[in-house]
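Below is one structure, written out as structure tokens; the observations come after it.
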Amino acid sequence: MKKTALLFAALIAASFALVSCNSGPKVTLPPSKLTTRVFASQSVSSPASRSGLVIIDSFNDTLVQASEIAAGTSPGLMAISPERSTVLVFDSATNSVDVVNSNKETLTGSVQLAGPTTSMVALGNGFGYAAVPGAVLNGFPPGAVEVMNISSGGVTATISVPNAQTVVASPDGTTLLVFSSDSDAVTIVSPLSLNTGIPLTTTVPGFDRPVYAVFGGDGTPYILNCGPQCGSSSASASVQVLNLGTTPSAGTSVDVDAATIGFVSGTTLYVAGTPTASAANPTPNDSCGQDTQAKTCGRLDIVDLGSMAVTGSAIITDGYHDRIDMSSNGQLFIGSHTCTIIGNVAAPQGEVRGCLSIFNTLTNAVVIPPDNGDVTGLQSFTSRYVEYVAEGGNLRVYDTTIDKLLINTFITTGTIGITGQVIDVKAVDFF
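Residue numbers (our numbering): 3 to 433.
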């Protein structure tokens with residue numbers, strides 16, 4: 003009797019579940035029919051290959067062979083809108099930004115920039131913003147932030163920011179921070195002030211070659227002062243608070259070994275860079291230890307934001323660090339370009355080293371994977387312990403439980419086989 007009653011209850015529950023599923027809103031799948039998609043930008047490497055965005059099923063790390071999206075001749079850097087319906091793709095061959103509708107998996111337009119960019123953001127207001135250091139405005143020094151209309155195409159405004167190099171958006175999209183090369187100031191841009199008559203930009207001095215910003219959970223921006231690595235004569239790099247408000251100002255700072263990229267987790271800031279000699283500090287601590295042939299290494303410093311104090315540090319690969327991401331189980335992936343390359347991953351003999359470092363935030367251990375090349379893209383997932391890494395033109399998949407390349411039935415080499423040079427990678431769906 004008990005088994006019969008349990009079976010009957012299970013059937014009743016299943017029937018309610020079916021009714022619930024059938025009565026819910028219909029889910030419209032994209033043309034690829036996938037619900038766990040990743041886009042990877044790839045440039046051509048031979049006349050037989052075709053550039054564009056390739057679609058990857060990140061549930062099993064397989065390439066959707068027949069679903070490539072046209073996006074210029076040399077697509078690279080990508081930016082994705084907060085709701086992930088729009089992907090902006092910079093084409094370095096034409097200095098244009100292609101607009102891709104991720105729901106339809108099609109190219110919907112293109113915006114011509116005044117020059118190349120290495121930094122852009124897409125906001126949820128239907129506009130994108132690109133830092134273009136070579137943009138020319140009459141009566142102003144070269145450099146600007148160009149405002150792109152994602153819906154209709156075209157540049158709708160050009161905001162003068164001399165030597166604009168990097169643009170970072172606040173989490174709520176109401177503030178843009180712009181960083182210029184060889185500058186000791188941060189420019190604040192207010193996107194909501196466009197066409198209102200309110201001053202659009204505010205320049206805040208008091209920094210030391212600032213290059214990037216990360217935002218704390220309360221919305222406070224922490225500026226990364228590159229210092230000696232970016233040509234300053236100061237003794238070290240630093241992390242410094244930017245006080246927002248009616249009159250923005252430079253605030254409290256803490257010295258770190260180096261600072262070009264950072265990642266906030268709770269009240270902890272992880273900041274990476276490569277220590278560089280300066281007049282004030284001719285012998286920075288750049289020891290790499292005994293386990294590598296590298297003569298110069300980078301540093302990862304751990305900063306407690308509550309006390310603005312450094313609580314730890316680790317040795318990582320060198321180069322200019324501009325990529326950072328954390329996996330769902332606390333593995334911090336740090337990537338750089340123009341780093342010290344050792345060995346040959348294609349024919350390994352002895353040490354093999356590239357521009358990727360993995361820091362275990364639970365144990366403080368560091369892994370330098372045996373790979374070569376610049377790191378140009380990182381992507382983690384909330385539902386899987388894996389990290390996608392674009393390094394040396396290849397798309398690697400790392401198992402973050404062991405910090406090694408993932409090997410299984412679907413991906414036997416730890417690399418997703420994509421024709422061409424992979425430049426960037428973005429998760430399109432929330433998972």
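Using N, Cα and C, we set each Cβ at its ideal position, and we do this for glycine too.
All values derive from a computational prediction rather than experimental measurement.
Shortest Cα-Cα distance from Ala-281 to any of Thr-249, Pro-250, Ser-236 and Cys-290 involves Ser-236.
Rounded to whole angstroms, Asn-62 and Leu-397 show a C-alpha spacing of 14 angstroms. From the listed residues Pro-207, Thr-75, Val-157 and Leu-109, the smallest Cα separation to Pro-250 is found for Pro-207. Between the segment 209-227 and the segment 253-264 there are three or more C-beta pairs closer than 8 angstroms, enough to call the two in contact. For Met-80, the enclosing beta strand (DSSP E) begins and ends at 77-82. DSSP, reduced to helix, strand and coil, places Gly-337 within a strand of the structure shown. According to the DSSP assignment, Asp-303 belongs to the beta strand (DSSP E) that extends over 300-306.
When DSSP states are grouped into helix, strand and coil, Ser-267 belongs to the strand group. For the set Cys-357, Asn-97, Ile-200 and Gly-253, the Cα lying nearest the Cα of Ala-296 is the one of Cys-357. Selection Val-391, Val-266, Val-430 and Thr-108 evaluated against Gly-54 yields Thr-108 as nearest (Cα-Cα).
Judged by DSSP in its simplified three-state form, Leu-407 adopts strand. Within 10 angstroms of the beta-carbon of Asp-174 lie fewer than 16 other beta-carbons, which makes it exposed.
For the pair Leu-196 and Val-134, the CB atoms are not nearer than the 8 angstroms cut-off. Going by C-alpha positions, Ser-255 is about 40 angstroms away from Gly-156. In the DSSP assignment, Gln-44 forms a beta bridge with Gly-54 and Val-424.
Burial state of Ala-349 is exposed, judged by a 10 Å Cβ sphere holding fewer than 16 other Cβ atoms. Cβ neighbours of Ala-166 within its own chain (closer than 7 angstroms, five residues either side excluded): Ala-133, Val-134, Pro-135, Gly-145, Ala-146, Val-147, Val-180 and Ser-182. In this structure, the beta-carbon distance from Arg-39 to Asp-327 does not fall below 8 angstroms. Residue pairing from DSSP places Met-150 in a beta bridge opposite Gly-130 and Val-157. Rounded to whole angstroms, the separation of the alpha carbons of Thr-158 and Ser-43 is 26 angstroms. In this structure, DSSP gives Gly-394 a state outside helix and strand, which the three-state scheme calls coil. Our two residues, Asn-140 and Ala-429, have alpha carbons roughly 40 angstroms apart in a direct line. About 5 angstroms separates the beta carbon of Thr-402 from that of Tyr-387, a gap short enough to meet the 8 angstroms contact definition. Residue burial is scored here from C-beta neighbours: Pro-201 has fewer than 16 other C-beta atoms within 10 angstroms and is therefore classed as exposed. Per the DSSP secondary-structure output, Tyr-400 pairs in a beta bridge with Glu-389 and Leu-407. Distance from the CA of Asn-366 to the CA of Gln-333, rounded to the nearest whole angstrom, comes to 10 angstroms.
Here the segment 263-279 makes contact with the segment 225-232; the two share three or more CB pairs at distances below 8 angstroms.
The way I'd put it, the segment 304-312 doesn't touch the segment 337-355; fewer than three beta-carbon pairs between them come closer than 8 angstroms. Taking C-alpha positions only, Thr-204 is separated from Val-347 by approximately 47 angstroms. By DSSP's assignment, Val-312 forms a beta bridge with Val-305. The C-alpha of Gly-126 lies about 33 angstroms from the C-alpha of Thr-340.
Ile-404 counts as exposed, since fewer than 16 other C-beta atoms from the protein chains shown sit within 10 angstroms of its C-beta. DSSP places Ser-87 outside any beta strand (DSSP E), giving it a letter other than H or E.
Using a Cβ distance threshold of 8 angstroms, Val-102 and Ile-152 do not count as a contacting pair.
For Gly-332, the secondary structure class from DSSP, reduced to helix, strand or coil, is coil. At a Cβ-Cβ threshold of 8 angstroms, Ser-76 and Ser-104 do not count as neighbours.
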